[in-house]
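Trainee: End of the sequence shown = 347 in the working numbering, gap-free, step of one. Glycine included, every Cβ here is placed at the ideal spot set by N, Cα and C.
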Amino acid sequence: MTSNFLEQCHKNYNLQKLNTLAVPSIAEYFLDISTDRLLLQALQFSQKAEIPLTILGGGSNVLLPDKIMGLVIKISTQGREVLLEDDNSLTVRFAAGENWHDTVLWCVKKNLYGIENLALIPGTIGAAPIQNIGAYGVELMSCLERVEGFYLSTNELFILENEACLFAYRDSIFKQSMRGKAVITHVTLTLSKVPKLHVEYPALQEQLISNKADEDSLSALDVASAVIAIRQQKLPNPEQIPNAGSFFKNPVVSKAIYKKIYNEYPAVVAYRMADDTYKLAAGWLIDQAGWRGKLLDNICMHHKQALVLTNPNHCTTQQLLAFVDKVQESIWDKFHVNLEIEPIQL
Ligand code: EPU
Numbered sequence: 002m003t004s005n006f007l008e009q010c011h012k013n014y015n016l017q018k019l020n021t022l023a024v025p026s027i028a029e030y031f032l033d034i035s036t037d038r039l040l041l042q043a044l045q046f047s048q049k050a051e052i053p054l055t056i057l058g059g060g061s062n063v064l065l066p067d068k069i070m071g072l073v074i075k076i077s078t079q080g081r082e083v084l085l086e087d088d089n090s091l092t093v094r095f096a097a098g099e100n101w102h103d104t105v106l107w108c109v110k111k112n113l114y115g116i117e118n119l120a121l122i123p124g125t126i127g128a129a130p131i132q133n134i135g136a137y138g139v140e141l142m143s144c145l146e147r148v149e150g151f152y153l154s155t156n157e158l159f160i161l162e163n164e165a166c167l168f169a170y171r172d173s174i175f176k177q178s179m180r181g182k183a184v185i186t187h188v189t190l191t192l193s194k195v196p197k198l199h200v201e202y203p204a205l206q207e208q209l210i211s212n213k214a215d216e217d218s219l220s221a222l223d224v225a226s227a228v229i230a231i232r233q234q235k236l237p238n239p240e241q242i243p244n245a246g247s248f249f250k251n252p253v254v255s256k257a258i259y260k261k262i263y264n265e266y267p268a269v270v271a272y273r274m275a276d277d278t279y280k281l282a283a284g285w286l287i288d289q290a291g292w293r294g295k296l297l298d299n300i301c302m303h304h305k306q307a308l309v310l311t312n313p314n315h316c317t318t319q320q321l322l323a324f325v326d327k328v329q330e331s332i333w334d335k336f337h338v339n340l341e342i343e344p345i346q347l
């Protein structure tokens with residue numbers, strides 16, 4: 002079984018094309034997984050042979066090391082199944098390897114509401130719950146029903162309902178206590194047939210006006226089209242300029258710290274949260290510290306959106322992290338704010 006399984010794997014496989022930052026990274030063994038049966042075989046093999054297992058989705062939110070020992074698998078399983086339908090909603094179970102943006106398009110073309118604000122986010126649907134993807138005033142948690150998968154230690158099935166996923170801003174149980182311990186196989190979403198729009202985000206409002214969309218009869222497709230237009234204007238396409246979207250989280254600080262920053266920099270972009278803390282726009286902080294568009298060590302914070310680290314010369318993760326240290330240090334020196342990185346470091 003052991004040698005048979007490895008026969009179908011690629012040896013010393015470069016994952017550069019499988020991560021959107023285009024970081025060179027060699028997997029000792031690599032296999033693309035297109036069925037749940039093959040996934041179970043990979044899990045059983047890695048346990049029996051005591052070979053470490055690393056799981057990749059769309060590779061759009063990870064930082065890969067130069068070399069990954071053991072087996073790396075990419076989840077490419079496809080499929081969608083309608084579980085429930087009534088006059089108001091449709092509940093659909095998606096296989097983890099489905100492309101996220103294609104899923105959004107599938108929904109909006111069927112006039113299903115819920116994820117239209119999340120158009121053009123790179124990656125797979127199986128990776129989406131890990132960091133509770135969010136954009137333009139909507140987070141995945143608002144329409145996620147449940148997440149299914151396997152525990153890596155026992156190959157047992159798990160089913161976590163929305164509440165149990167412990168979703169928060171760019172966070173979930175899969176990034177915390179279940180990190181590295183599970184593989185997601187299916188995600189179930191409940192989408193609304195009744196229009197439920199979230200168009201309060203200022204940039205989205207402006208775009209809808211410039212698209213001449215009729216505010217009174219906005220469809221999910223209108224909103225998705227506006228989001229696509231904004232993202233295409235501001236965010237680099239990873240196929241042209243390697244990047245992983247927002248590289249840092251927007252830091253949340255106490256009211257006292259916010260007030261201190263505001264007194265010195267009244268233009269600071271911040272959003273007051275329900276608990277009286279303040280979420281600062283990390284892009285603004287990085288921009289103010291002079292990093293926007295500045296190429297250093299072949300790495301650059303994007304010239305149209307300083308929150309997006311770009312890797313045009315395919316540097317390694319080690320080189321990216323040395324650059325990131327400099328950005329974090331300068332933000333600390335200028336604002337006394339700690340920036341946390343958003344992608345998951347494997
Ligand atoms: N800003 C600058 N300079 C910059 C970038 C931003 O001054 O170079 C200021 C702007 O004034 C803007 C504010 O920062 O008003 C916030 O910027 P933006 O509206 O672009 O949103 P963001 O906070 O930078 C977050 C998400 C994005 C998501 C957008 C829209 C995080 C870490 N990022 O970005 O998510 O698309 O809001 O909702 O929360 C991603 O996670 O990969 C991602 C792109």
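Please determine, among 78, 343 and 106, the residue with the shortest C-alpha to C-alpha distance to residue 95.
Mentor: Out of 78, 343 and 106, 78 has the C-alpha closest to the C-alpha of residue 95.
Trainee: Just mark residue 70 as buried or exposed, buried being the case when its beta carbon has 16 or more other beta carbons within 10 Å.
Mentor: The residue in question, residue 70, is exposed, as its Cβ has fewer than 16 Cβ neighbours within 10 Å.
Trainee: On the criterion of 16 or more Cβ atoms from any shown chain inside 10 Å, does residue 9 qualify as buried, or is it exposed?
Mentor: So residue 9 ends up on the exposed side.
Trainee: Compute the distance between the beta-carbons of residue 183 and residue 159, then report whether it is under 9 Å.
Mentor: Yes, the Cβ-Cβ distance between residue 183 and residue 159 is below 9 Å.
Trainee: With distances taken Cα to Cα, identify the nearest neighbour of residue 171 among 202, 12, 39 and 129.
Mentor: Selected option, being the one with the closest Cα: 129.
Trainee: Output needed for residue 202: all residues of its chain with C-beta closer than 6 Å, excluding positions within five of it in sequence on either side, in chain order.
Mentor: 137 and 138.
Trainee: Grouping DSSP H, G and I as helix and E and B as strand, with all else coil, what is residue 182?
Mentor: Three-state DSSP puts residue 182 in coil, outside helix and strand.
Trainee: Let me confirm a value: residue 2 is counted as buried when at least 16 other C-beta atoms fall within 10 Å, else exposed. Which label applies?
Mentor: Note on residue 2: pLDDT 48, under 50, position unreliable in the model; no value is reported.
Trainee: Measuring only the C-alpha atoms, how far is residue 41 from residue 101?
Mentor: Going from the Cα of residue 41 to the Cα of residue 101 covers about 23 Å.
Trainee: Within 10 angstroms of the Cβ of residue 147, are there 16 or more other Cβ atoms? Answer buried if so, exposed if not.
Mentor: Under this definition residue 147 is a buried residue.
Trainee: Can you give me the Cβ contacts of residue 285 inside the same chain, cut-off strictly under 6 Å, excluding the 5 residues immediately before and after it?
Mentor: Cβ neighbours of residue 285 beyond the five flanking positions: 270.
Trainee: Around the C-beta of residue 135, are 16 or more other C-beta atoms found within 10 angstroms, so that it is buried, or is it exposed?
Mentor: Buried is the call here.
Trainee: Grab me the residues of residue 231's own chain with a C-beta within less than 8 Å of its C-beta, minus the 5 sequence neighbours each way, in chain order.
Mentor: Counting only Cβ-Cβ distances below 8 Å, and skipping sequence neighbours, we find 137, 204, 205 and 208.
Trainee: Where does the unbroken beta strand (DSSP E) through residue 246 begin, and where does it stop?
Mentor: Residue 246 -> beta strand (DSSP E) spans 244 to 247.
Trainee: Consider the C-beta atom of residue 180 and the heavy atoms of the ligand EPU; say whether any pair is separated by less than 8 Å.
Mentor: No, since every heavy atom of the ligand EPU falls outside the 8 Å radius drawn around the Cβ of residue 180.
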